[in-house]
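Under the numbering used here, the residue at position 200 of the sequence shown is numbered 200, and the numbers go up by one with no gaps.
What follows is one structure encoded as structure tokens, with my remarks underneath.
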Amino acid sequence: MAKKQTHYRKRQAKRIRKGMRSWFVPERDNHYRPHLVRRYGIIVVIGIAIGLQFGYNYMQTGLVLGRVTTVTPAALLVSTNDARAAEKLPPLRIDARLSEAAANKARDMVARGYWSHDAPDGTEPWVWIDEAGYSYSKAGENLAKNFSTAQAAVTAWLNSPSHRNNMLSADYSDVGFAAVEGELDGKPTIVIVAFYGESASRAQVAGASMGRDVREADTSTALTPATRIGIALQSLTPAALTSLALLFVAATVALTAHVYRSKLPKNRRQSWYKNHGVVKASGLLSVAAFIVLLYGGGQL
Numbered sequence: 001m002a003k004k005q006t007h008y009r010k011r012q013a014k015r016i017r018k019g020m021r022s023w024f025v026p027e028r029d030n031h032y033r034p035h036l037v038r039r040y041g042i043i044v045v046i047g048i049a050i051g052l053q054f055g056y057n058y059m060q061t062g063l064v065l066g067r068v069t070t071v072t073p074a075a076l077l078v079s080t081n082d083a084r085a086a087e088k089l090p091p092l093r094i095d096a097r098l099s100e101a102a103a104n105k106a107r108d109m110v111a112r113g114y115w116s117h118d119a120p121d122g123t124e125p126w127v128w129i130d131e132a133g134y135s136y137s138k139a140g141e142n143l144a145k146n147f148s149t150a151q152a153a154v155t156a157w158l159n160s161p162s163h164r165n166n167m168l169s170a171d172y173s174d175v176g177f178a179a180v181e182g183e184l185d186g187k188p189t190i191v192i193v194a195f196y197g198e199s200a201s202r203a204q205v206a207g208a209s210m211g212r213d214v215r216e217a218d219t220s221t222a223l224t225p226a227t228r229i230g231i232a233l234q235s236l237t238p239a240a241l242t243s244l245a246l247l248f249v250a251a252t253v254a255l256t257a258h259v260y261r262s263k264l265p266k267n268r269r270q271s272w273y274k275n276h277g278v279v280k281a282s283g284l285l286s287v288a289a290f291i292v293l294l295y296g297g298g299q300l
């Protein structure tokens with residue numbers, strides 16, 4: 001009885017291995033057309049890739065088309081100080097008053113629907129700092145919106161001269177961050193505000209001039225395609241990474257099948273199937289590129 005069970009298990013395992021090979025490996029049994037890259041296989045692959053995005057968004061936000069973000073003041077501080085450390089600059093310290101000012105500025109932008117350093121009534125950003133009780137000798141403001149991760153926002157700032165100058169300035173010791181979700185122009189938006197500062201009392205002790213120096217980063221900066229790709233790669237969710245892995249596996253199988261195109265059945269070789277591997281791999285990689293581009297959004 002035990003021998004029969006062992007033999008049965010071996011046959012089952014062999015059948016399973018053979019079935020898996022037929023999905024991934026071009027061979028005679030599947031006419032050198034792995035099931036994974038036949039029409040139904042490709043539909044399953046793309047369906048899973050899209051379903052993972054919607055499912056992950058729903059689990060994280062409660063909405064199928066919800067925007068998943070991990071931007072927090074703590075994460076922005078870590079990414080900023082990592083960038084400063086790379087330039088051998090001292091780290092910035094979070095100042096509660098600057099954080100309060102940043103949060104109030106971000107909420108005002110969402111409430112009144114504007115995207116600018118200055119409010120529609122002409123209110124300058126430094127008013128928010130003054131109202132929070134932070135007395136400064138130097139101050140700067142960076143804005144960003146619709147980035148999914150703190151690292152993506154910091155990468156964008158690093159690739160804009162005016163934003164980079166604020167973030168990597170040796171003149172600042174303090175910083176405050178805020179990330180507020182709302183709507184701008186009728187679209188869901190994540191507004192990110194950073195206020196950099198050097199307190200007046202610290203400057204006075206150092207013997208610096210007591211005049212005020214303020215710097216607004218340019219809000220019309222256009223990010224290059226290379227920067228967009230870098231931002232996208234830093235913003236990919238676990239679901240997106242899984243989808244990309246699945247699409248790359250399917251594309252690899254398609255290209256492998258293409259190598260065996262001369263062994264296709266004669267009726268297949270005489271049709272467009274002669275190049276089916278390249279065509280299908282190109283389509284799958286295009287879907288992968290589209291997923292990556294979805295995560296390359298954001299604006300300065």
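Even for Gly, the Cβ is constructed at its ideal location relative to N, Cα and C.
Restricted to the region 29–105, the alpha helix (DSSP H) segments that are unbroken, complete and at least 4 residues in length are 39–61, 73–86, listed in chain order. SER148 is classed as buried because its beta carbon has at least 16 other beta carbons within 10 Å across all chains shown.
Rounded to the nearest whole angstrom, the C-alpha separation of GLU141 and ASP171 is 13 Å.
For a cut-off of 8 Å, the C-beta gap from ALA156 to LEU233 is around 13 Å, too long to register as a contact.
Here PHE290 carries a helix assignment [DSSP, helix/strand/coil]. In the structure shown, the three-state DSSP call for ASN142 is strand. Assignment of THR155 by DSSP, reduced to helix, strand and coil, places it in the helix class.
Beyond the five residues adjoining it in sequence on each side, VAL279 comes within less than 6 Å, by CB distance, of no other residue in the same chain.
With respect to the 8 Å criterion, ALA132 and ARG93 are not classified as neighbours on the basis of their beta carbons.
Here the C-alpha atom of SER99 lies approximately 11 Å from the C-alpha atom of ILE192. A contact is defined here as three or more CB-CB pairs under 8 Å, and the region 252–271 meets this definition with respect to the region 279–295.
Between the beta-carbon of VAL287 and that of ALA75 there is about 30 Å, and that puts the pair past the 8 Å contact cut.
The C-alpha of MET20 is placed about 14 Å away from the C-alpha of ARG11.
Take the alpha-carbon of PHE290 and the one of THR80: they are about 29 Å apart. Assigned with DSSP and collapsed to three states, ASP174 falls in strand. Within the same chain, ALA239 come within 6 Å of GLN53 by CB-CB distance, once the 5 residues on both sides are set aside. Counting every other CB atom within 10 Å of its CB across the protein chains shown gives VAL259 a total below 16, marking it as exposed.
CA-CA distance, ALA200 to TYR134, rounds to 9 Å. Beta bridge pairing from DSSP links VAL193 with LEU143, ALA178.
SER116 carries a coil assignment under DSSP once its states are collapsed to helix, strand and coil. Counting only the Cα atoms, TRP126 lies some 22 Å from GLU181. Under the DSSP assignment, ARG228 falls in the alpha helix (DSSP H) whose first and last residues are 225–235. Comparing alpha-carbon positions, the option among GLU183, ALA153, LEU184, SER160 lying closest to PHE177 turns out to be ALA153. When rounded, the separation of the alpha-carbon atoms in ARG33 and VAL45 is 16 Å. Within the same chain, and ignoring the five residues on either side of THR242 in sequence, the residues whose Cβ sits closer than 8 Å to its Cβ are LEU52. Here DSSP, grouped into helix, strand and coil, assigns LEU300 to coil. Non-local C-beta neighbours of TRP128 in its own chain, meaning closer than 7 Å and more than five positions away in sequence, comprise ALA101, ASN104, LYS105, ordered along the chain. About 15 Å separates the Cβ atoms of ILE190 and GLY296, ruling out a contact at the 8 Å cut-off.
When rounded, the separation of the alpha-carbon atoms in TYR56 and ARG39 is 26 Å. For the pair THR221 and LEU300, the CB atoms are nearer than the 8 Å cut-off.
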